[in-house]
Every structure is written in C-alpha cells, then in structure tokens.
C-alpha cells in the first residue's frame, strides 16, 4: 500500500512537470514568431559600463537603473514590475567592480518598508557575458542559456509570495564562473543595491533571504560565509542552498571524461577570468587544441558547452601530465573551496545523497564544520533524487523554509540532519509544488505575477 501510494504521488509529480514543460515549450514556439527585438548583450550594452570614479563609492551603491520587460524563455512576457540596477561591488581579488542585478516586485505592488526581500541566485554556470541572467531574463533575449532561464519558475514562486526579489549577475562583467568570493560579494552588494533603490521602498531592517541551487548555491553559500564580516548590517533571516558545490576541484575531477565535462570546462574558463595567473598558466601549458577549445567555451553558455564537451578528457588539453599538481591551479582551487568561514544566518542545505555531479560527502563535511563552529544548519539529504531532479523535488521544502524565516519564525539553535527517501514525498511539499506549478502556468499564459492574483 505504501509503495503504491508513493508511486502514485511520483506519477502525479511527473505529470505536472510534463504539463508545465509542454505548455512552456508550446507557448515559446508560438511566441517566438512575434518575439520582441533582441536587446543588446551585456558586452555591447552601455548600461553595463560603470561611470568614471565609481570605484570610490561604497559597495552596494546604485550607479544606474532602468525599467525592463521580463520574459520567460526570452519569449513569454511576465506581468511583473522589473528594473535593472548597475551597482558597485568587489571582485575575487578585492578590487572595485560593477555588476547588474534585476529586481522585481509583484504586479501592481506598491513600495513597502515591511516587504521581505529574497536574493535568488541563478545557476548561470557559464563563462560568456551573454549568458548573464540579467540578459537572459529580458524579452527578446533568445535561449542561449535556457537552463538558467528555466529558473524564472522559482523566481516567480518567490514574487508570488509578495516578496521583492533580487537576481544578481554575481559572476560580474568578466563572467567569472566559480569565483566564490566575488559571487558572495556581488550577491550581498546586490541586496544592498536593492535596499538602496527607492522604487522598491524597502526598510532598513527588511527581512532578507537567499536561495540558490548548484551554481546558484555556490553564490548563496559564499554570501553566507562572507556576510558576517562583509555585510554584517544585513538582516538575513535564512539562506537556502541546494546541490552545494563545496569543492570545485572535486566537481572537476568527478565531471572530467563524463557527461558533465563541459560544465567543468566552463568552470575552468570562468576561473581564468578571475585569476590572471591562471589565465597565464593556461596560455603556457594548453596545447593548440586546448587553446581553441577553451576559446570556444568562453563564448558559449552552459547547455552548449555541456553538449559539445561531454565525455572529453580536459586534462588532455594540457601539455603537462598533471596540470592540477602545478602550484597555480592548486592555489586557485584552494581559494574557491567553501568552508573557510562560518555563516551567521540560519542555513537550509538540501543535497542528493547520490548526486552524480556535486559530491555529497563534501556537503556532509562542510555542514559538520559549520555546526562545529556554531552555525545553525538544517540539512536534508535526499536518497531518490539526483543533481538535476533535486532542483525540482527540493524546491518546495526550500520555499516553505524560506517562507517561515521571512515570516519571522525563528529556527532553533544548533543543527539538525535528516535523510529522506524523497524531498517531495510529503503532503506539504506536494501541495506547495502543485501551487507553484499552477501559478507558473497562469504566469506563462500572461496572468499577473503576485499574491493577489494567484491561488
């Protein structure tokens, strides 16, 4: 009886996901024929260029703003209030830098000092500027980074709670994928910028949450670790991190020669944008074939690289037998490994026990380290899901946990860990999942995004 009930449940979930995807793909196909003109990509858009002297401004200073039209998958206009903010932040080497965040309010919502703010970090997972989520969210942008674009479904779920949402380009203008310190800085400064932006009307003690999965969890996790020293004034109530890539080195070693080798390729390229010494190392030790491959990877988004470089042995692109034994990549990979600081805000970590891309043992270890240092961590380990599935099946619990935190419910001191068969196999998670699916179907069909217009 239990087995039959669980199977029925999972069948309903699969049917709902299929219905959503079918509707999205159909409407994208219809909408593409009358799509808006493509906006200029970041590398050709003057909006992304900071004004002279911006370096002397405080992190989080809004340097420029504009209103924008948001579209799911580049083609389906979303009825949500949206602006983009160019703001001052700090890069991987602690130098001034400017990047962009897209901030959203529910359709028709007015500025409110009591409105919670969620910073949602998308898994951009790319080393090319046109892959930035600020571009990929815009109407007419096309589908270069359709994997990242799909996270509009979770962004909408947050807006539907009545929250303001910040979606930062945490990789910065150089598309520095995997540069954790920069990602954390840009996430925290994006929150500061959102608070500084008058049309949102957020208060000084606005309740703040963070959420991200996989590459987005990397940014969220680094923000969690850096916040006590870098942005202690932020009233962060909770941070949800799923599929947490604690050790980029271990992700690289596991992905190499496998189906995710292209993602590792993008990661190496992204780190070379943050570390000139790594770029110099690659210029010295890459073969001619390797130089051409990485040059191409720097122009393509996640899913294109994932397909083109799947099952490649990335180490064969180098003319030395073990490139990771060289001091330069050793130092870089050590610097981008998480667990260097303890989060002050409560953290919800969810991870697949059998994650085929991001080793769960690394997440187990960093949670143990956080807990030993006094952090408050709720850790949920999922048996049935793998890395990609947990984006979907883990989202309801993450959203519900964030709703409690942003609603003012405190967490207990200390840590808790539980291993579940499936994160979605509870009545509460299934109910939340169903509401998110239906609301997104309505949003994809043009209904306003916001709590007053949704079920």
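In the numbering used here, the protein residues as written are 28 to 482.
Where is the CB? At the ideal position from N, CA and C, for every residue including glycine.
In this text the structure is predicted, and so the values were computed from the model without any measurement.
In its own chain, which residues sit with a C-beta less than 7 Å from the C-beta of residue i, not counting the 5 before and 5 after it?
{"i": "residue 78", "result": "90"}
Looking only at its own chain, which residues have a Cβ that is under 6 Å from the Cβ of residue i, when we skip the five neighbours before and after it?
{"i": "residue 321", "result": "296"}
{"i": "residue 287", "result": "384"}
{"i": "residue 268", "result": "244, 247, 248 and 376"}
{"i": "residue 201", "result": "300"}
{"i": "residue 163", "result": "172, 175 and 176"}
{"i": "residue 450", "result": "409, 420, 421 and 424"}
Distance, Cα to Cα, residue i vs residue j?
{"i": "residue 463", "j": "residue 238", "result": "16 Å"}
{"i": "residue 353", "j": "residue 275", "result": "16 Å"}
{"i": "residue 314", "j": "residue 323", "result": "14 Å"}
{"i": "residue 489", "j": "residue 182", "result": "No answer is possible for residue 489: the residues shown for the chain start at 28 and end at 482."}
{"i": "residue 190", "j": "residue 355", "result": "43 Å"}
{"i": "residue 61", "j": "residue 467", "result": "Low per-residue confidence applies at residue 61: pLDDT is 46, beneath 50, and the placement is therefore not dependable enough to give any value."}
{"i": "residue 395", "j": "residue 242", "result": "21 Å"}
{"i": "residue 363", "j": "residue 262", "result": "26 Å"}
{"i": "residue 11", "j": "residue 398", "result": "With the chain represented from 28 up to 482, any question about residue 11 goes unanswered, as that position is not in the structure."}
{"i": "residue 357", "j": "residue 460", "result": "42 Å"}
{"i": "residue 293", "j": "residue 220", "result": "28 Å"}
{"i": "residue 125", "j": "residue 439", "result": "37 Å"}
{"i": "residue 419", "j": "residue 94", "result": "30 Å"}
{"i": "residue 490", "j": "residue 64", "result": "Lying before the first or after the last residue shown, residue 490 is absent from the chain, which here runs from 28 to 482."}
{"i": "residue 457", "j": "residue 136", "result": "28 Å"}
{"i": "residue 403", "j": "residue 143", "result": "21 Å"}
{"i": "residue 544", "j": "residue 306", "result": "In the structure displayed, the chain extends from 28 to 482; residue 544 sits before or after that span and is not available."}
{"i": "residue 132", "j": "residue 344", "result": "46 Å"}
{"i": "residue 250", "j": "residue 66", "result": "30 Å"}
{"i": "residue 365", "j": "residue 217", "result": "21 Å"}
{"i": "residue 204", "j": "residue 304", "result": "16 Å"}
{"i": "residue 281", "j": "residue 317", "result": "20 Å"}
{"i": "residue 208", "j": "residue 119", "result": "5 Å"}
{"i": "residue 350", "j": "residue 146", "result": "36 Å"}
{"i": "residue 272", "j": "residue 380", "result": "13 Å"}
{"i": "residue 117", "j": "residue 156", "result": "18 Å"}
{"i": "residue 348", "j": "residue 224", "result": "51 Å"}
{"i": "residue 387", "j": "residue 378", "result": "7 Å"}
{"i": "residue 486", "j": "residue 80", "result": "Here the chain has residues from 28 to 482 only, and residue 486 is not among them."}
{"i": "residue 310", "j": "residue 476", "result": "48 Å"}
{"i": "residue 107", "j": "residue 97", "result": "7 Å"}
{"i": "residue 390", "j": "residue 278", "result": "12 Å"}
{"i": "residue 165", "j": "residue 469", "result": "19 Å"}
{"i": "residue 392", "j": "residue 291", "result": "22 Å"}
{"i": "residue 335", "j": "residue 180", "result": "27 Å"}
Tell me, which residues are paired with residue i by DSSP?
{"i": "residue 266", "result": "237 and 374"}
{"i": "residue 444", "result": "406"}
{"i": "residue 93", "result": "111"}
{"i": "residue 194", "result": "129"}
{"i": "residue 485", "result": "Residue coverage of the chain in this structure runs from 28 to 482, which leaves residue 485 outside it and unanswerable."}
{"i": "residue 98", "result": "104"}
Between the options, which lies nearest to residue i when the distance is taken from Cα to Cα?
{"i": "residue 432", "options": "233, 447, 365 and 302", "result": "233"}
{"i": "residue 121", "options": "82, 98 and 132", "result": "82"}
{"i": "residue 253", "options": "372, 104, 460 and 97", "result": "372"}
{"i": "residue 236", "options": "316, 447 and 427", "result": "427"}
{"i": "residue 370", "options": "442, 302 and 341", "result": "442"}
{"i": "residue 150", "options": "300, 175 and 157", "result": "175"}
{"i": "residue 86", "options": "282, 147, 213 and 207", "result": "213"}
{"i": "residue 325", "options": "152, 304 and 227", "result": "152"}
{"i": "residue 226", "options": "109, 147, 80 and 424", "result": "109"}
{"i": "residue 437", "options": "413, 265 and 411", "result": "265"}
{"i": "residue 409", "options": "134, 99 and 424", "result": "424"}
{"i": "residue 138", "options": "374, 230, 156 and 88", "result": "230"}
{"i": "residue 411", "options": "435, 444, 223 and 448", "result": "448"}
{"i": "residue 92", "options": "104, 129 and 180", "result": "129"}
{"i": "residue 168", "options": "374, 100 and 405", "result": "100"}
{"i": "residue 455", "options": "374, 430 and 154", "result": "430"}
{"i": "residue 84", "options": "97, 123, 72 and 104", "result": "123"}
{"i": "residue 413", "options": "346, 335, 331 and 240", "result": "240"}
{"i": "residue 435", "options": "105, 401, 96 and 141", "result": "141"}
{"i": "residue 260", "options": "270, 471, 298 and 215", "result": "215"}
Short of 8 Å in beta carbon distance, which residues of its chain neighbour residue i, apart from the five on each side in sequence? Order them along the chain.
{"i": "residue 127", "result": "69, 74, 75, 111, 112, 113, 114, 159, 161, 195 and 196"}
{"i": "residue 338", "result": "284, 285, 286 and 288"}
{"i": "residue 134", "result": "106, 107, 108, 475, 476, 477 and 480"}
Quick one: does residue i have its CB under 8 Å from some CB of chain B?
{"i": "residue 224", "result": "Structure shown: chain B not included; a single protein chain is present."}
Open item on the list: My parser needs the beta strand (DSSP E) runs of 3 or more residues fully inside the segment 379-416; what are they?
Closed with: 404-409
Open item on the list: Threshold first: 4 residues or longer. Then list the alpha helix (DSSP H) segments lying entirely within the segment 285-355, N to C.
Closed with: 288-301, 303-312, 315-324 and 329-335
Task: Contained alpha helix (DSSP H) runs [length at least 4] in the segment 107-187, N- to C-terminal order - done: 160-163, 173-176 and 179-186
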